[in-house]
Every structure is written in C-alpha cells, then in structure tokens.
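One structure is given below, encoded as structure tokens.
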C-alpha cells in the first residue's frame, strides 16, 4: 500500500462510524478528497488513515433510525463540540445553519473545554 503525507490542504470527506460492542470503541472508515494548496489544488483521493484538523468549516451528522434496527448506543461529538438537531425529519446529505437545512455542529465555549 502506498501512503502519502500531505500538508496545507483543503479536504472533503465522508464515512461511517460503528460502535464495537465487544470493546466499546468507536471505529471510523473515512474517505477523503484533498487538494494541495501550493500546487493549484492537485488532488488526492483515498482512505484517511490519520489527520490533524485545524479548522472544521462544516460537519454533517446523520443517524440511521427506523430502518429495521435499533442502535444500542449513540456516538457523541468530540470534546468541544455540541450537536444541534432540528425538530422533525432531518434531510440527508445537507448541512448548514439556516432554516431546516439539517444538522450542524458548532463550537461550545465552557470552562470544561480545553
């Protein structure tokens, strides 16, 4: 497997999160497309193995419910973020903060967040 280490990029990705009932861990499988800023956005697409995120502009969050199974637990956002859910049905593949465009995650300021 060929691995690349990229810096100073803009990225877009999607993936799945799964709860491992045996270990209690949350497992991720994320695919990304990234563009190198200093090379006119030369693109790479692959599975994300590791990353350090400095700015998250928008995080979309959709949960599968009512499709023949009941989740045994819920994944909670990373420390420092709080999920905001609109009332009523949540459209898939949307995000933002206006009207009913779907879920968003925004930073929360509190004394417990480093």
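In the working numbering, the protein residues as written are 1250 to 1363. Using N, Cα and C, we set each Cβ at its ideal position, and we do this for glycine too. Remember, it's a predicted structure, so these values are computed and weren't measured experimentally.
The beta carbon of residue 1290 sits closer than 6 Å to the beta carbons of 1284 from its chain, once the five residues preceding and following it are set aside; these are given in chain order. For residue 1301, the three-state secondary structure derived from DSSP is coil. DSSP places residue 1261 in the uninterrupted beta strand (DSSP E) bounded by 1258 to 1268. Residue 1264 is positioned such that its CB atom lies closer than 8 Å to that of residue 1279. Here residue 1297 is not near residue 1252, since their CB atoms are 8 Å or more apart.
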